[in-house]
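Below is one structure; the comments refer to it alone.
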């Protein structure tokens, strides 16, 4: 019988393109997620005294890159180097502010978009290595994909399931294949974010600390809503460019504009109190308008003393983009409402903010 073994270890490169396969975090995958290699192979088109109608004689390799998407069940930490889950998020946003909550052994990591992710105070020259350990027949090997950048992240949560993080990446090249890393150790199950850990709010959100480096969030006065499923996609517009720098792969990443979109599927109703999907839909029809959303996954597992491992997501301005009620003879009507985030320049001072609480001192 053929072997079928894959595991992923993510490393943070000190210098982009220099493989990191020693200090790694092991991350489980929902699908194989092997990055796709792309080569710019060009047929030589030159007059060389040959009968060109007989066909081309040479192909020249002029460039290389890789790209792909990882589907990951979301845990607050990774295995071995436990901050690596937060590191993946950091390489999307470009910045993280980490601090310890007193002396409890618990750490918070606040992430939000910055205009220059590659400034010295932010990512600098760092990048990601995806160490894809796969079997070549019966022999396990490590395929290191180096120079990784994160251009989008998506969080999808459905009732009855675990939170899924989809990470879209691109990078420079596959480095030299080596023996497998071995020693794969994955995070404990009680640090998984599941559907029954999630509460979704709109309305009054209390943010502690100075914007945008908030230290905590509370939502005692907010309105909770209970959708069947919710998804958030955040993009940063990153793209790699090939320059005249003596390399056959990109050595420059240029930024685009950060964007966030949210969709939620919920009962089509207008209750006397609480969130009204009909009111939100009608507010969109009446004119350009916005609301806000806050998502909080609380694993129930303590991180140090006093608070739990968890993920917080704050979308301070969610522009209503409509949706369509779905009527069906066989069930109650539902609606999928759609929103796009706007930059909050006065209160939160970000388009979207994430806070990760865990026991990792740095990400």
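In our numbering, the protein residues as written are 11 to 373. Positions of the beta carbon are idealized from the N, C-alpha and C atoms, including for glycine.
From this set, 91, 300, 226, which residue's C-alpha is nearest residue 331's C-alpha? Between residue 331 and the set 91, 300, 226, the nearest pair of CA atoms involves 300.
Can you tell me whether residue 86 is buried or exposed? The criterion is at least 16 other CB atoms within 10 Å of its CB, across all chains shown. The residue is buried, with at least 16 neighbouring Cβ atoms inside 10 Å.
Reference residue 153; option with closest CA among 213, 305, 47, 119: Comparing C-alpha distances from residue 153 to each of 213, 305, 47, 119 shows the shortest one belongs to 47.
Out of 234, 335, 174, point me to the one whose CA is closest to residue 212's CA. If we check each option's Cα against that of residue 212, 234 comes out closest.
Nearest residue (CA-CA) to residue 55, options 67, 35, 288: The shortest Cα separation from residue 55 among 67, 35, 288 belongs to 67.
Use the C-beta contact count for residue 30: other C-beta atoms within 10 angstroms, 16 or more gives buried, fewer gives exposed. By the 16-neighbour rule on beta-carbons within 10 angstroms, residue 30 is buried.
Let's see if you can read the secondary structure: which residues bound the beta strand (DSSP E) around residue 95? Premise fails: residue 95 lies in the alpha helix (DSSP H), 94-103, not in any beta strand (DSSP E).
Name the residue from 173, 250, 317 whose alpha carbon lies nearest to the alpha carbon of residue 114. Here the closest residue by C-alpha is 317.
Does residue 199 come out as helix, strand or coil in the three-state DSSP assignment? Residue 199 falls in the helix class under three-state DSSP.
Buried or exposed (CB count within 10 angstroms, at least 16 for buried), residue 57: Label assigned to residue 57: exposed.
State the start and end residues of the unbroken beta strand (DSSP E) segment that holds residue 19. Counting along the chain, the unbroken beta strand (DSSP E) around residue 19 starts and ends at 16-23.
Please return the same chain residues whose Cβ sits closer than 6 Å to the Cβ of residue 286, not counting the five positions on each side in sequence. So the list reads 280, once near-sequence residues are dropped.
Would residue 222 and residue 117 be called neighbours here (beta carbons separated by less than 8 Å)? Their beta carbons are not under 8 Å apart, which means residue 222 does not touch residue 117 by this criterion.
Where residue 138 falls, given that 16 or more other Cβ within 10 Å makes a residue buried: By the Cβ neighbour-count rule, residue 138 is buried, with 16 or more other Cβ atoms within 10 Å of its own.
Count the CB pairs spanning the stretch 243-263 and the stretch 149-164 that are closer than 8 Å, and state whether there are at least three. Pairwise C-beta distances place the stretch 243-263 in contact with the stretch 149-164, as three or more of them are shorter than 8 Å.
Give me the Cα-Cα distance between residue 15 and residue 324, rounded to the nearest whole angstrom. Distance between residue 15 and residue 324, taken at the CA atoms: about 38 Å.
Which word fits residue 182, buried or exposed, when buried means at least 16 other C-beta atoms lie within 10 angstroms of its C-beta? It is buried - the Cβ of residue 182 has at least 16 other Cβ atoms within 10 Å.
Ends of the alpha helix (DSSP H) at residue 292? Run containing residue 292: 287-296, per the alpha helix (DSSP H) assignment.
With which residues is residue 365 paired in a DSSP beta bridge? Looking at the DSSP assignment, residue 365 forms a beta bridge with 120, 322.
Hey, would you say residue 308 sits closer than 8 Å to residue 207, going by beta carbons? Between residue 308 and residue 207, the C-beta gap is smaller than 8 Å, which places the two residues in contact.
Determine the closest residue to residue 198 out of 37, 33, 23, with distance taken between C-alpha atoms. Ranked by how close their Cα comes to the Cα of residue 198, the residues 37, 33, 23 have 37 in first place.
Considering only the beta carbon of each residue, do residue 20 and residue 35 sit closer than 8 Å? In this structure, residue 20 sits near residue 35, with a CB-CB distance shorter than 8 Å.
Bridge partners for residue 84 per DSSP, in chain order? Bridge pairing for residue 84: absent [DSSP].
Distance check for residue 189 and residue 302, CA to CA, integer angstroms please. Approximately 49 Å, taken between the alpha carbons.
Tell me which residues share the same chain as residue 178 and place their Cβ nearer than 6 Å to its Cβ, disregarding the 5 neighbours each side in the sequence. Beyond the five residues adjoining it in sequence on each side, residue 178 comes within less than 6 Å, by CB distance, of 79, 161, 162 in the same chain, given in chain order.
Just curious, the beta strand (DSSP E) that residue 239 is in, first and last residue? For residue 239, the enclosing beta strand (DSSP E) starts and ends at 239-245.
Would you mind working out which of 184, 102, 28 sits nearest residue 266, comparing C-alpha positions? Closest by alpha carbon: 102.
Range covered by the beta strand (DSSP E) that runs through residue 154: Here the beta strand (DSSP E) through residue 154 covers 149-168.
For the beta strand (DSSP E) holding residue 52, just list the boundary residues, first then last. In the DSSP annotation of this structure, the continuous segment of the beta strand (DSSP E) that includes residue 52 starts and ends at 46-53.
Inspect the CB distances between the stretch 86-97 and the stretch 346-356 and report whether three or more fall short of 8 Å. No, the stretch 86-97 does not touch the stretch 346-356.
When the distance is taken between beta carbons, is residue 335 closer than 8 Å to residue 10? For residue 10 there is no data in the structure shown, the boundaries of the chain being 11 and 373.
Would you list the residues sitting across from residue 342 in a DSSP beta bridge? Answer is none; residue 342 lacks a bridge partner.
Name the residue from 111, 53, 129, 357 whose alpha carbon lies nearest to the alpha carbon of residue 264. Distance from the Cα of residue 264 is smallest, within the candidate group 111, 53, 129, 357, for 129.
According to the neighbour-count rule (16 or more other Cβ atoms, all chains shown, within 10 Å of its Cβ), is residue 64 buried or exposed? Under a 10 Å Cβ-count criterion, residue 64 is classified as exposed, with fewer than 16 other Cβ atoms of the shown protein chains found around its own Cβ.
Classify residue 343: buried if its beta carbon has 16 or more other beta carbons within 10 angstroms, exposed otherwise. Exposed.
Indicate whether residue 373 and residue 305 have their beta-carbon atoms separated by less than 8 Å. No, the pair does not count as a contact, with Cβ atoms beyond the cut-off.
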